[in-house]
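K.L.:
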Amino acid sequence: MFLSQLTRKTLRERYTIFKMERNQYIHRLIHEGPASCVENLRMDKRSFYKLCFLLESRGYVQQSRHVNVVEKVAMFLYILGHHTKMRIVHTDFQRSKQSITRYFHAVLNGVLRLQGDYFKKPEPIQSNSTDKTWKHFKNCLEALDGTHIKMTIPVDDRPKYRNRRGEITTNVLGACSPNLQFQYVLTGWEGSAADGRVLRDAIYRHRLIVPTGTYYLVDAGYTNGEGFLAPFRGERYHLNDWDDDNQPTSAREYYNMMHSSARNVIERCFGILKKRWAILRSPSFYPLKTQNRIVLASCILHNYIRIESEFDQAEIEFDQHGPEDHHEQNEHEADEDHITTVGTSDAWTTFRNNLADSMLISWNH
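In full-length UniProt numbering, the protein residues as written are 1 to 365.
(1) Are there three or more Cβ pairs, one per stretch, closer than 8 Å when the region 236-255 is compared with the region 145-165?
(2) K274: buried (16+ other C-beta within 10 angstroms of its C-beta) or exposed?
(3) Taking contact to mean at least 3 C-beta pairs separated by less than 8 Å, is the region 265-282 in contact with the region 229-243?
(4) Distance, Cα to Cα, D312 vs I272?
(5) Below 7 Å between beta carbons: does that hold for S192 and R236?
(6) Buried or exposed for A35, going by 16 or more other Cβ atoms inside 10 Å?
(7) Just to confirm before moving on: does the CB-CB distance between N354 and F182 stay below 7 Å?
(8) Where does D157 fall in DSSP's three states?
(9) Whose C-beta lies closer than 7 Å to the C-beta of A262 among residues of the same chain, with five residues either side of it excluded?
(10) How should V155 be labelled, buried or exposed, when 16 other C-beta atoms within 10 angstroms of its C-beta is the threshold for buried?
(11) On the premise that R28 lies in contact with L77, defined as a C-beta separation below 8 Å, what is that separation, rounded to the nearest angstrom?
(12) Looking only at DSSP bridge pairs, what is E190 linked to?
(13) For the beta strand (DSSP E) that contains L80, what are its first and last residues?
(14) Tell me the residue span of the beta strand (DSSP E) that contains I149.
(15) My output table needs one value for F285: the three-state DSSP class, helix, strand or coil.
(16) Taking DSSP as the reference, what is the three-state secondary structure of G221?
(17) Using beta-carbon positions only, say whether D92 and S309 come within less than 7 Å of one another.
(18) Answer with buried or exposed for N171, where buried requires no fewer than 16 other C-beta atoms within 10 angstroms of its C-beta.
(19) Anyone know if the C-beta pair for A202 and L173 falls short of 7 Å?
(20) In angstroms, rounded to a whole number, what distance separates the CA positions of D131 and V38?
(21) What does DSSP give as the partner residues of F228 in its beta bridges?
(22) Just the Cα atoms here: how many angstroms apart are F270 and G213?
(23) Give the DSSP-derived three-state secondary structure of R162 in the structure shown.
This is how it looks when you write it as C-alpha coordinates:
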(Lines of atoms letter the chains of each structure in order from A and count residues from 1; the text may use other names and numbers.)
(Lines give C-alpha, C1' and ligand atoms only; values in the text may rest on other atoms or scores of the structure.)
Protein backbone atom coordinates (compact mmCIF):
# COMPACT_ATOMS: atom_id res chain seq x y z
CA MET A 1 0.00 0.00 0.00
CA PHE A 2 2.76 2.39 1.01
CA LEU A 3 4.79 1.50 -2.10
CA SER A 4 1.75 2.03 -4.29
CA GLN A 5 1.15 5.49 -2.82
CA LEU A 6 4.84 6.30 -3.21
CA THR A 7 4.76 5.23 -6.85
CA ARG A 8 1.71 7.38 -7.56
CA LYS A 9 3.37 10.34 -5.86
CA THR A 10 6.53 9.85 -7.91
CA LEU A 11 4.54 9.65 -11.14
CA ARG A 12 2.64 12.83 -10.26
CA GLU A 13 5.90 14.62 -9.55
CA ARG A 14 7.44 13.43 -12.81
CA TYR A 15 4.32 14.47 -14.73
CA THR A 16 4.46 17.91 -13.12
CA ILE A 17 8.12 18.27 -14.10
CA PHE A 18 7.43 17.15 -17.68
CA LYS A 19 4.51 19.55 -17.95
CA MET A 20 6.63 22.42 -16.65
CA GLU A 21 9.46 21.62 -19.07
CA ARG A 22 7.01 21.30 -21.94
CA ASN A 23 5.36 24.63 -21.19
CA GLN A 24 8.75 26.30 -20.90
CA TYR A 25 9.80 24.86 -24.25
CA ILE A 26 6.64 26.08 -26.01
CA HIS A 27 7.07 29.49 -24.39
CA ARG A 28 10.62 29.67 -25.74
CA LEU A 29 9.45 28.74 -29.24
CA ILE A 30 7.04 31.66 -29.27
CA HIS A 31 8.37 34.29 -26.86
CA GLU A 32 12.11 33.86 -26.29
CA GLY A 33 13.07 36.74 -28.61
CA PRO A 34 11.50 39.23 -31.02
CA ALA A 35 11.97 36.87 -33.96
CA SER A 36 11.69 33.51 -32.18
CA CYS A 37 8.12 32.78 -33.28
CA VAL A 38 8.96 33.52 -36.92
CA GLU A 39 12.13 31.43 -36.78
CA ASN A 40 10.50 28.48 -35.05
CA LEU A 41 6.90 28.51 -36.30
CA ARG A 42 7.35 30.56 -39.51
CA MET A 43 4.89 33.30 -38.56
CA ASP A 44 4.81 36.17 -36.06
CA LYS A 45 3.16 35.86 -32.64
CA ARG A 46 0.02 37.78 -33.53
CA SER A 47 -0.57 35.64 -36.63
CA PHE A 48 0.15 32.46 -34.69
CA TYR A 49 -2.36 33.18 -31.94
CA LYS A 50 -4.93 34.33 -34.48
CA LEU A 51 -4.53 31.03 -36.34
CA CYS A 52 -5.02 29.11 -33.09
CA PHE A 53 -8.15 31.14 -32.31
CA LEU A 54 -9.50 30.65 -35.84
CA LEU A 55 -9.03 26.88 -35.76
CA GLU A 56 -10.46 26.51 -32.25
CA SER A 57 -13.40 28.92 -32.57
CA ARG A 58 -14.62 27.14 -35.70
CA GLY A 59 -14.26 23.74 -34.08
CA TYR A 60 -11.62 22.62 -36.59
CA VAL A 61 -9.10 21.84 -33.82
CA GLN A 62 -10.27 21.12 -30.30
CA GLN A 63 -8.56 21.28 -26.95
CA SER A 64 -7.89 17.87 -25.40
CA ARG A 65 -7.92 17.05 -21.72
CA HIS A 66 -4.17 17.54 -21.37
CA VAL A 67 -3.24 19.42 -24.57
CA ASN A 68 -4.44 22.86 -25.61
CA VAL A 69 -4.79 24.12 -29.17
CA VAL A 70 -1.72 26.36 -28.92
CA GLU A 71 0.52 23.35 -28.30
CA LYS A 72 -1.07 21.31 -31.09
CA VAL A 73 -0.69 24.09 -33.65
CA ALA A 74 2.85 24.91 -32.50
CA MET A 75 3.82 21.25 -32.86
CA PHE A 76 2.33 21.10 -36.36
CA LEU A 77 4.02 24.29 -37.58
CA TYR A 78 7.33 23.25 -36.05
CA ILE A 79 7.26 19.98 -37.99
CA LEU A 80 6.37 21.72 -41.26
CA GLY A 81 8.83 24.54 -40.79
CA HIS A 82 11.84 22.41 -39.91
CA HIS A 83 10.92 18.90 -41.14
CA THR A 84 11.70 17.74 -37.62
CA LYS A 85 11.94 13.99 -37.12
CA MET A 86 9.40 12.35 -34.84
CA ARG A 87 11.96 11.31 -32.21
CA ILE A 88 13.10 14.93 -31.83
CA VAL A 89 9.54 16.24 -31.54
CA HIS A 90 8.91 13.50 -28.98
CA THR A 91 11.86 14.74 -26.91
CA ASP A 92 11.20 18.46 -27.32
CA PHE A 93 7.46 18.38 -26.60
CA GLN A 94 7.53 15.53 -24.06
CA ARG A 95 4.72 13.73 -25.89
CA SER A 96 4.43 10.17 -27.12
CA LYS A 97 4.92 9.54 -30.83
CA GLN A 98 1.33 8.29 -31.08
CA SER A 99 0.03 11.53 -29.55
CA ILE A 100 2.20 13.66 -31.84
CA THR A 101 0.87 11.83 -34.89
CA ARG A 102 -2.72 12.27 -33.71
CA TYR A 103 -2.29 16.00 -33.04
CA PHE A 104 -0.45 16.52 -36.33
CA HIS A 105 -3.32 15.05 -38.33
CA ALA A 106 -5.91 16.96 -36.31
CA VAL A 107 -4.27 20.29 -37.16
CA LEU A 108 -3.61 19.21 -40.76
CA ASN A 109 -7.32 18.50 -41.22
CA GLY A 110 -8.20 21.83 -39.59
CA VAL A 111 -5.88 23.84 -41.83
CA LEU A 112 -7.25 22.16 -44.96
CA ARG A 113 -10.72 23.37 -43.98
CA LEU A 114 -9.44 26.95 -44.30
CA GLN A 115 -8.89 26.58 -48.04
CA GLY A 116 -12.08 28.46 -48.92
CA ASP A 117 -10.99 31.38 -46.75
CA TYR A 118 -7.50 31.77 -48.16
CA PHE A 119 -7.74 30.61 -51.79
CA LYS A 120 -9.49 33.52 -53.47
CA LYS A 121 -11.06 33.65 -56.93
CA PRO A 122 -8.61 35.31 -59.33
CA GLU A 123 -9.42 38.80 -60.59
CA PRO A 124 -8.50 39.68 -64.20
CA ILE A 125 -6.00 42.49 -64.79
CA GLN A 126 -7.97 45.62 -65.66
CA SER A 127 -7.36 47.74 -68.76
CA ASN A 128 -6.56 50.76 -66.56
CA SER A 129 -3.91 48.93 -64.52
CA THR A 130 -0.87 51.07 -63.70
CA ASP A 131 1.34 48.15 -62.69
CA LYS A 132 4.34 48.31 -65.05
CA THR A 133 4.72 44.54 -65.02
CA TRP A 134 1.08 43.58 -65.60
CA LYS A 135 -0.58 46.50 -67.42
CA HIS A 136 0.01 44.96 -70.86
CA PHE A 137 -1.82 41.75 -69.94
CA LYS A 138 -5.44 42.89 -69.85
CA ASN A 139 -7.83 40.15 -68.64
CA CYS A 140 -4.94 38.00 -67.44
CA LEU A 141 -5.93 36.03 -64.34
CA GLU A 142 -2.49 35.23 -62.95
CA ALA A 143 0.61 33.10 -63.59
CA LEU A 144 0.51 29.30 -63.67
CA ASP A 145 3.26 26.69 -63.51
CA GLY A 146 4.27 23.37 -62.04
CA THR A 147 6.91 22.48 -59.47
CA HIS A 148 8.35 19.19 -58.27
CA ILE A 149 8.31 18.25 -54.59
CA LYS A 150 10.29 15.25 -53.39
CA MET A 151 8.27 12.38 -51.98
CA THR A 152 8.71 9.02 -50.30
CA ILE A 153 7.05 6.42 -52.53
CA PRO A 154 6.70 2.61 -52.26
CA VAL A 155 9.36 0.83 -54.34
CA ASP A 156 6.91 -0.60 -56.90
CA ASP A 157 5.48 2.85 -57.69
CA ARG A 158 8.76 4.76 -57.91
CA PRO A 159 9.20 4.56 -61.71
CA LYS A 160 6.00 6.60 -62.18
CA TYR A 161 7.22 9.27 -59.77
CA ARG A 162 10.75 9.57 -61.19
CA ASN A 163 11.10 12.91 -62.97
CA ARG A 164 13.51 13.84 -65.76
CA ARG A 165 16.27 14.53 -63.24
CA GLY A 166 15.89 11.06 -61.76
CA GLU A 167 14.32 12.36 -58.53
CA ILE A 168 11.23 10.82 -56.92
CA THR A 169 8.72 13.66 -56.89
CA THR A 170 5.13 14.75 -57.25
CA ASN A 171 4.30 17.30 -59.95
CA VAL A 172 2.31 20.12 -58.31
CA LEU A 173 0.36 22.59 -60.44
CA GLY A 174 -0.12 26.05 -58.96
CA ALA A 175 -1.44 29.46 -59.97
CA CYS A 176 -0.71 32.62 -58.04
CA SER A 177 -1.66 36.28 -58.08
CA PRO A 178 0.74 39.21 -58.54
CA ASN A 179 0.87 39.56 -54.74
CA LEU A 180 2.34 36.05 -54.40
CA GLN A 181 -0.74 34.27 -53.07
CA PHE A 182 -1.79 30.86 -54.35
CA GLN A 183 -5.27 30.78 -55.84
CA TYR A 184 -5.22 27.28 -57.28
CA VAL A 185 -3.17 24.20 -56.33
CA LEU A 186 -3.45 20.65 -57.65
CA THR A 187 -1.37 17.97 -55.91
CA GLY A 188 -0.98 14.26 -56.45
CA TRP A 189 0.39 13.83 -59.96
CA GLU A 190 3.41 11.59 -60.47
CA GLY A 191 6.75 13.28 -61.12
CA SER A 192 6.97 11.68 -64.58
CA ALA A 193 3.75 13.39 -65.73
CA ALA A 194 4.17 16.15 -68.31
CA ASP A 195 3.03 19.62 -67.26
CA GLY A 196 0.51 19.73 -70.10
CA ARG A 197 -1.09 16.50 -68.93
CA VAL A 198 -1.42 17.83 -65.38
CA LEU A 199 -2.98 21.04 -66.73
CA ARG A 200 -5.55 19.12 -68.78
CA ASP A 201 -6.50 17.11 -65.71
CA ALA A 202 -6.89 20.33 -63.71
CA ILE A 203 -9.34 21.65 -66.31
CA TYR A 204 -11.29 18.46 -66.95
CA ARG A 205 -11.55 17.02 -63.43
CA HIS A 206 -10.33 19.47 -60.79
CA ARG A 207 -12.14 22.70 -61.52
CA LEU A 208 -9.45 24.98 -62.82
CA ILE A 209 -11.90 27.53 -64.21
CA VAL A 210 -10.77 29.79 -67.06
CA PRO A 211 -13.63 32.10 -68.09
CA THR A 212 -13.75 32.82 -71.81
CA GLY A 213 -11.77 35.94 -72.62
CA THR A 214 -9.34 35.48 -69.72
CA TYR A 215 -6.06 33.62 -69.58
CA TYR A 216 -3.10 32.52 -67.49
CA LEU A 217 0.55 33.25 -68.21
CA VAL A 218 2.46 29.99 -68.72
CA ASP A 219 6.00 29.07 -69.74
CA ALA A 220 7.14 27.54 -73.02
CA GLY A 221 6.54 24.03 -71.68
CA TYR A 222 2.81 24.56 -72.17
CA THR A 223 0.86 24.94 -75.40
CA ASN A 224 0.07 28.51 -76.43
CA GLY A 225 -3.68 28.13 -76.72
CA GLU A 226 -6.89 29.79 -75.67
CA GLY A 227 -6.71 30.65 -71.99
CA PHE A 228 -2.97 30.00 -71.67
CA LEU A 229 -0.55 32.61 -72.99
CA ALA A 230 2.98 31.30 -73.56
CA PRO A 231 6.18 33.06 -74.68
CA PHE A 232 7.58 32.89 -78.20
CA ARG A 233 9.95 29.95 -78.53
CA GLY A 234 13.37 30.51 -80.08
CA GLU A 235 13.62 34.03 -78.62
CA ARG A 236 15.38 35.29 -75.50
CA TYR A 237 13.11 34.90 -72.51
CA HIS A 238 14.55 34.62 -69.00
CA LEU A 239 15.04 37.75 -66.91
CA ASN A 240 18.81 37.34 -66.76
CA ASP A 241 18.89 37.55 -70.58
CA TRP A 242 18.16 41.28 -70.38
CA ASP A 243 20.20 44.21 -69.09
CA ASP A 244 20.83 47.84 -70.02
CA ASP A 245 23.26 46.83 -72.77
CA ASN A 246 21.14 43.97 -74.05
CA GLN A 247 17.64 45.33 -74.63
CA PRO A 248 14.94 43.76 -76.83
CA THR A 249 15.31 44.33 -80.57
CA SER A 250 11.93 43.07 -81.78
CA ALA A 251 8.29 42.84 -80.77
CA ARG A 252 8.69 39.17 -79.88
CA GLU A 253 11.70 39.83 -77.66
CA TYR A 254 9.98 42.70 -75.86
CA TYR A 255 6.87 40.57 -75.38
CA ASN A 256 9.01 37.75 -73.97
CA MET A 257 10.78 40.12 -71.58
CA MET A 258 7.48 41.47 -70.20
CA HIS A 259 5.94 37.98 -70.11
CA SER A 260 8.93 36.65 -68.14
CA SER A 261 8.79 39.57 -65.72
CA ALA A 262 5.11 38.95 -64.97
CA ARG A 263 5.19 35.14 -64.96
CA ASN A 264 8.15 35.21 -62.58
CA VAL A 265 5.70 35.61 -59.68
CA ILE A 266 4.77 31.91 -59.75
CA GLU A 267 8.44 30.88 -59.61
CA ARG A 268 8.94 33.25 -56.68
CA CYS A 269 5.79 31.94 -55.01
CA PHE A 270 6.97 28.32 -55.18
CA GLY A 271 10.46 29.38 -54.11
CA ILE A 272 9.17 31.23 -51.05
CA LEU A 273 6.87 28.30 -50.22
CA LYS A 274 9.82 25.90 -50.12
CA LYS A 275 11.97 28.40 -48.25
CA ARG A 276 9.23 28.67 -45.60
CA TRP A 277 8.44 24.98 -45.11
CA ALA A 278 11.44 22.65 -44.89
CA ILE A 279 9.14 19.63 -45.11
CA LEU A 280 8.71 20.44 -48.83
CA ARG A 281 12.45 20.38 -49.51
CA SER A 282 13.12 16.71 -48.78
CA PRO A 283 11.05 13.51 -48.77
CA SER A 284 8.88 12.95 -45.72
CA PHE A 285 7.88 9.55 -44.43
CA TYR A 286 4.16 10.06 -44.11
CA PRO A 287 1.76 8.00 -46.25
CA LEU A 288 1.45 9.29 -49.82
CA LYS A 289 -2.02 10.75 -49.30
CA THR A 290 -0.79 12.63 -46.23
CA GLN A 291 2.23 13.96 -48.11
CA ASN A 292 -0.05 15.47 -50.75
CA ARG A 293 -2.31 16.94 -48.07
CA ILE A 294 0.75 18.51 -46.43
CA VAL A 295 1.62 20.25 -49.72
CA LEU A 296 -1.86 21.76 -49.96
CA ALA A 297 -1.91 22.77 -46.28
CA SER A 298 1.48 24.44 -46.72
CA CYS A 299 0.06 26.54 -49.57
CA ILE A 300 -2.95 27.55 -47.46
CA LEU A 301 -0.67 28.59 -44.60
CA HIS A 302 1.55 30.47 -47.06
CA ASN A 303 -1.47 32.56 -48.07
CA TYR A 304 -2.49 33.01 -44.44
CA ILE A 305 0.94 34.43 -43.60
CA ARG A 306 0.95 36.68 -46.69
CA ILE A 307 -2.39 38.14 -45.58
CA GLU A 308 -2.02 38.27 -41.81
CA SER A 309 1.65 39.02 -41.12
CA GLU A 310 3.18 42.49 -41.28
CA PHE A 311 6.19 41.13 -43.16
CA ASP A 312 7.13 37.83 -44.76
CA GLN A 313 10.46 36.56 -43.46
CA ALA A 314 10.52 33.73 -46.00
CA GLU A 315 10.31 36.23 -48.86
CA ILE A 316 13.18 38.22 -47.36
CA GLU A 317 15.26 35.03 -47.06
CA PHE A 318 14.38 34.04 -50.62
CA ASP A 319 15.46 37.42 -51.99
CA GLN A 320 18.71 37.32 -50.02
CA HIS A 321 19.74 33.72 -50.62
CA GLY A 322 17.72 32.48 -53.59
CA PRO A 323 15.66 29.28 -53.85
CA GLU A 324 16.37 26.17 -51.82
CA ASP A 325 15.89 24.08 -54.95
CA HIS A 326 18.44 25.40 -57.42
CA HIS A 327 16.79 23.43 -60.24
CA GLU A 328 13.76 25.56 -59.73
CA GLN A 329 13.18 27.54 -62.42
CA ASN A 330 -13.88 17.14 -59.36
CA GLU A 331 -15.19 16.68 -62.87
CA HIS A 332 -17.49 19.46 -64.05
CA GLU A 333 -19.77 19.57 -67.03
CA ALA A 334 -18.74 21.51 -70.12
CA ASP A 335 -19.75 25.15 -69.96
CA GLU A 336 -19.66 27.46 -72.96
CA ASP A 337 -18.57 30.29 -70.66
CA HIS A 338 -15.44 28.37 -69.62
CA ILE A 339 -12.45 27.08 -71.57
CA THR A 340 -12.58 23.28 -71.47
CA THR A 341 -9.76 22.27 -73.84
CA VAL A 342 -6.06 23.04 -74.15
CA GLY A 343 -4.77 23.41 -77.70
CA THR A 344 -3.37 25.77 -80.29
CA SER A 345 -5.59 27.90 -82.50
CA ASP A 346 -5.02 30.45 -85.25
CA ALA A 347 -7.07 33.00 -83.30
CA TRP A 348 -4.88 32.64 -80.22
CA THR A 349 -1.67 32.85 -82.27
CA THR A 350 -2.97 36.05 -83.84
CA PHE A 351 -3.90 37.40 -80.41
CA ARG A 352 -0.34 36.85 -79.15
CA ASN A 353 1.22 38.42 -82.27
CA ASN A 354 -1.01 41.49 -82.01
CA LEU A 355 -0.29 41.81 -78.30
CA ALA A 356 3.46 41.70 -78.94
CA ASP A 357 3.18 44.41 -81.61
CA SER A 358 1.08 46.69 -79.40
CA MET A 359 3.46 46.22 -76.46
CA LEU A 360 6.46 47.25 -78.58
CA ILE A 361 4.63 50.33 -79.87
CA SER A 362 3.79 51.31 -76.29
CA TRP A 363 7.42 50.82 -75.23
CA ASN A 364 8.78 52.97 -78.07
CA HIS A 365 6.42 55.78 -77.15
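Even for Gly, the Cβ is constructed at its ideal location relative to N, Cα and C.
P.N.:
According to the structure data:
(1) no
(2) Here residue 274 refers to the residue found at position 274 of the sequence shown. It counts as buried.
(3) no
(4) The residue you call residue 312 lines up with position 312 of the sequence shown. The residue you call residue 272 lines up with position 272 of the sequence shown. The straight-line gap from Cα to Cα measures roughly 9 Å.
(5) Residue 192 sits at position 192 when you count from the first residue of the sequence shown. Residue 236 sits at position 236 when you count from the first residue of the sequence shown. Taking 7 Å as the Cβ cut-off, S192 and R236 do not qualify as a contacting pair.
(6) For this step, residue 35 is matched to residue 35 along the sequence shown. Result: exposed.
(7) On the sequence shown, residue 354 is found 354 positions in, with the first residue counted as 1. On the sequence shown, residue 182 is found 182 positions in, with the first residue counted as 1. Contact: no.
(8) Within the sequence shown, the letter at position 157 stands for residue 157. Helix, per DSSP.
(9) Reading the sequence shown from its first residue, position 262 is the one you call residue 262. These residues qualify, in order along the chain: T133, W134, F137, A143, L217.
(10) Taking the first residue of the sequence shown as 1, we reach residue 155 at position 155. Under this definition V155 is an exposed residue.
(11) If you number the sequence shown from 1, residue 77 lands on position 77. If you number the sequence shown from 1, residue 28 lands on position 28. That pair is no contact at about 15 Å.
(12) As a working note, residue 190 is residue 190 in the sequence shown. In the DSSP output, where bridge partners are listed per residue, E190 has T170.
(13) To locate residue 80, count along the sequence shown from 1; it is residue 80. No beta strand (DSSP E) contains L80, which is instead part of the alpha helix (DSSP H) from 69-82.
(14) Translated into the one-based positions of the sequence shown, residue 149 becomes position 149. 140-150 is the extent of the beta strand (DSSP E) around I149.
(15) Against the sequence shown, residue 285 aligns to sequence position 285. The answer is coil: DSSP assigns F285 none of H, G, I, E or B.
(16) On the sequence shown, residue 221 is found 221 positions in, with the first residue counted as 1. Three-state result, G221: coil.
(17) The count along the sequence shown starts at 1 and reaches residue 92 at position 92. The count along the sequence shown starts at 1 and reaches residue 309 at position 309. Cβ distance not < 7 Å, so D92 and S309 don't count as in contact.
(18) Along the sequence shown, one-based indexing puts residue 171 at 171. Buried is the call here.
(19) Taking the sequence shown and counting its residues from 1, one reaches residue 202 at position 202. Taking the sequence shown and counting its residues from 1, one reaches residue 173 at position 173. The answer is yes: Cβ separation under 7 Å.
(20) For the purposes of this step, residue 131 is taken as the residue at position 131 of the sequence shown. For the purposes of this step, residue 38 is taken as the residue at position 38 of the sequence shown. C-alpha separation (whole angstroms): 31 Å.
(21) On the sequence shown, position 228 is the one that residue 228 refers to. According to DSSP, which records beta bridges pairwise, F228 is partnered with Y216, G225.
(22) Position 270 of the sequence shown holds residue 270. Position 213 of the sequence shown holds residue 213. So the two alpha carbons sit approximately 27 Å from each other.
(23) As a first step, residue 162 is located in the sequence shown; it is residue number 162 there, counting from the start. Strand.
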